[in-house]
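Take a look at the structure below.
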Amino acid sequence: MTSRIHDGNDVYEKAEEYWSRASQDVNGMLGGFEKLHTPDITISKRFIQSLKKKNLFASYDYALDCGAGIGRVTKHLLMPLFKKVDMEDLVEELIVSSDQYIGADPRVGEKFIEGIQTFAPPEGRYDLIWIQWVSGHLVDEDLVAFFKRCVKGLKPGGCIVLKDNVTNNEKRLFDTEDHSWTRTEPELMEAFAGAQLEMVQKTIQTGFPKEIFPVKIFALKPIGQQTTSAEDD
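For the sequence shown, the numbering used here assigns the number 140 to the initial residue and increments by one for each residue that follows.
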């Protein structure tokens, strides 16, 4: 597993340039695939509710949206479920736009303007950390390090969820437009293991066009906190 053929800082700079140019609306956040929004939120909400029923996180008190952009996932997925939601994104313009997109709402907590390659969630704060369509921007070693920092951000019993495209090829692919990798599932599992995380539940996104890469959702907990794994396909 290696992404060292690319310089991390160069990749991060070009990714920031790409997202700085994206339109500050749902279509821009979804790379021109606005029609994905409704099935995306529907399946994600079902997944979170399943985790809660299985006591894979303790309460609907506090969540973190990583790679939040203007707050599409924050507004439509996390805020209807959680009492408080923090947001993180690399691009300041997108976070600023979230004020208008979400509106004034006491459920919106802190907004962190920082890339996940260096971002450290406040320790012991979150029941759920949601990471969607942003992990592919990290080189391997930074991805593992980010997961380790997320573990420290969890409340006791908390849960991390990764939702991302997974290549159906044997090798990862690199997108030269947005400067991100689409990894294989075994590569993601290797990253989880490197951060001492175990997968406790997994599902595949339905309702998306067949021409795009499969999107999978992985629920992760620190090794030792959960003894059984489950698939909800």
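Where a beta carbon is used, it is the ideal one built from N, C-alpha and C, also for glycine. Note that the structure is predicted; figures quoted are calculated from it, not measured.
Looking at the DSSP output, residue 337 shares a beta bridge with 360. By the criterion of a C-beta distance shorter than 7 Å, residue 277 is surrounded in its chain by 255, 256 and 285, once the five residues flanking it on both sides are discounted.
Taking a cut-off of 8 Å for Cβ pairs, the region 342-351 and the region 309-329 do not touch, as fewer than three such pairs fall below it.
Note that the region 301-315 does not touch the region 237-255; fewer than 3 beta-carbon pairs, one per stretch, sit closer than 8 Å.
In terms of Cβ geometry, residue 189 and residue 335 do not form a close pair [threshold 8 Å]. Residue pairing by DSSP places residue 201 opposite 223 in a beta bridge.
Under the three-state reduction of DSSP, residue 209 is assigned to coil, being neither helix nor strand. Using a Cβ distance threshold of 8 Å, residue 267 and residue 300 count as a contacting pair. The straight-line gap separating the alpha-carbon atoms of residue 173 and residue 215 is approximately 14 Å. In the three-state DSSP reduction, residue 233 falls in the helix class (H, G or I). If you draw a straight line from the Cα of residue 226 to the Cα of residue 201, it is about 11 Å long.
The distance from the Cβ of residue 270 to that of residue 333 is about 15 Å, inconsistent with a contact at the 8 Å cut-off. Every beta strand (DSSP E) stretch that sits fully inside the region 244-316 and reaches 3 residues is listed by chain position as 247-252, 265-271, 293-304 and 312-314. By the neighbour-count definition (other C-beta atoms within 10 Å, threshold 16), residue 319 is a buried residue. Contact between residue 294 and residue 358 fails: their C-beta atoms lie close to 15 Å from each other, not under 8 Å. In the same chain as residue 183, and ignoring 5 residues on each side of it, the C-beta atoms closer than 6 Å to its own belong to 216, in chain order. The three-state secondary structure of residue 349, taken from DSSP, is coil. The residue among 212, 195, 349 and 220 with its C-alpha nearest the C-alpha of residue 338 is 195. Taking a contact as a CB-CB distance under 8 Å, the pair residue 292 and residue 264 counts as one, their CB atoms being some 6 Å apart. Around the beta carbon of residue 235, fewer than 16 other beta carbons sit within 10 angstroms, so the residue counts as exposed. Between residue 287 and residue 230, the alpha-carbon positions lie close to 23 Å from each other. Rounded to the nearest angstrom, the Cβ distance from residue 186 to residue 356 is 5 Å, consistent with a contact under 8 Å.
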